[in-house]
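At position 96 of the sequence shown (counting the first as 1) the number is 1515 in this note's numbering, and the numbers step up by one without a gap. First the structure, in the form of C-alpha cells, and then the observations on it.
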Amino acid sequence: MQPSAAPDPVDLAHTHARPAHWLATATATAAVVALAGLLQPGPAGATATAGAPVSAGPAPAPAAADATFPLECGPAGRTVVGRQASGDLDGDGNPETVATAHCEAGIGTPPGGLYVLTRGKEPGAPARVVATLLEPRLHRHVTELAIRDGAIRATLLGYSSPDVPRCCPDEKEQVGWEWRGGVFLRTAPAGAGA
C-alpha cells in the first residue's frame, strides 16, 4: 500500500482555529445577516403579472344623481332622486344602487318609480337603469328602502281608490325584490303585512 501524498491535516496551519478566525467568521456572518435585513422585500401581497389588470376591489356603487331615469317630466321639469341604497344584488362582487326618482313638482307628492342602477359600460360613464321595480303609474311612494342579504326591502304607501286624496295614502305595504334566474322577482319579506 502506498502512503498518501497529502499532508496530515493536523499539520496544516489553516486548520487550527484561533480567536482571530472566530472573530472574522462572526463579523462576516453578522454583515451578511444585516445586509439581508436591509434588502428584504416589502410586505407580502398579491402581485400582478405583466399585462394583467390590477383590481383594487369592487368598484364604488353607481351614483344615482348621474343616471338618466325613464321619466317624462316635460320641458320645464327635472328628475329628482329620492331614497337610495347600495349593495351587491346579483352576486358579482360589485354593488348596484336602488333609487327612487320622480319629476319635480311645485306642490303635492308626484308619483315616483323605483329603479336598479349599475355602472356605465365605459369607465367614467354615468350609471344606467337596468330594471324598473316600481312604475310611477302605480302611484306608490317608497318611504323606507334598504338592501339586506342581497335583497331589496321597501315600505310602500299607496291609495285604496282614486277617491283617496293624494295627500293622505291609506295603504302601507312591505315588499322586497330578489335577483333570481336573471330577473328581479317581487317577494313579501317574512312577517310583512298589508
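We treat Cβ as the ideally placed atom computed from N, Cα and C, and that holds for glycine. Note that the coordinates shown come from a computational prediction; the quantities given were computed from them, not determined experimentally.
Taking the alpha-carbon of alanine 1482 as reference, which of Arg1497, Ala1520, Gly1493, Gly1510 has the nearest alpha-carbon? Answer by Cα proximity: Ala1520.
Is it buried or exposed, threonine 1537, if we count other Cβ atoms within 10 angstroms and call 16 or more buried? By the neighbour-count criterion, in which a residue is buried when 16 or more other Cβ atoms sit within 10 angstroms of its Cβ, threonine 1537 is buried.
Quick check on the DSSP output: what are the complete beta strand (DSSP E) runs of length 3 or more inside the region 1511 to 1537, in order along the chain? The region 1511 to 1537 contains these whole beta strand (DSSP E) runs: 1515 to 1522, 1531 to 1537.
Is it buried or exposed, arginine 1599, if we count other Cβ atoms within 10 angstroms and call 16 or more buried? Per the 10 Å Cβ criterion, exposed.
Does the distance from the C-beta atom of isoleucine 1566 to that of serine 1505 stay below 8 Å? When the beta-carbon positions are compared, isoleucine 1566 and serine 1505 come within less than 8 Å of each other.
DSSP-derived helix/strand/coil call for alanine 1484: It is helical.
Considering only the beta carbon of each residue, do phenylalanine 1603 and valine 1535 sit closer than 8 Å? Contact check for phenylalanine 1603 against valine 1535 passes: the beta carbons are separated by less than 8 Å.
Going by beta-carbon coordinates alone, are proline 1555 and glycine 1525 separated by less than 8 Å? Taking a C-beta distance under 8 Å as the contact criterion, proline 1555 and glycine 1525 do not qualify as a contact pair.
Is the Cβ-Cβ distance between glycine 1510 and glycine 1577 less than 8 Å? In this structure, glycine 1510 sits away from glycine 1577, with a CB-CB distance that is not shorter than 8 Å.
Within the present structure, is the beta-carbon of tryptophan 1596 separated from the nearest heavy atom of the ligand NAD by less than 7 Å? This structure simply doesn't include the ligand NAD, nor any ligand for that matter.
First and last residue of the uninterrupted beta strand (DSSP E) at leucine 1575: 1570 to 1577 is the extent of the beta strand (DSSP E) around leucine 1575.
Determine which residues share a DSSP beta bridge with threonine 1498 and list them. According to the DSSP secondary-structure assignment, threonine 1498 is paired through a beta bridge with Cys1522.
Threonine 1516 and alanine 1546: beta carbons closer than 8 Å? Result yes, Cβ atoms of threonine 1516 and alanine 1546 sit closer than 8 Å.
Where proline 1584 and glutamate 1523 are concerned, what is the direct C-alpha to C-alpha distance, given to the nearest angstrom? Our two residues, proline 1584 and glutamate 1523, have alpha carbons roughly 19 Å apart in a direct line.
Using DSSP with H/G/I as helix, E/B as strand and the rest coil, what is arginine 1630? The shown model of the chain, from 1420 to 1613, leaves out residue 1630, and the question about it has no answer.
For glycine 1601, count the other beta carbons within 10 Å of its own beta carbon; 16 or more makes it buried, fewer makes it exposed. Which is it? Per the 10 Å Cβ criterion, exposed.
Taking 8 Å as the limit between beta carbons, can you name the residues of its chain near arginine 1605, skipping five residues before and five after? So the list reads Leu1552, Val1594, Gly1595, Trp1596, once near-sequence residues are dropped.
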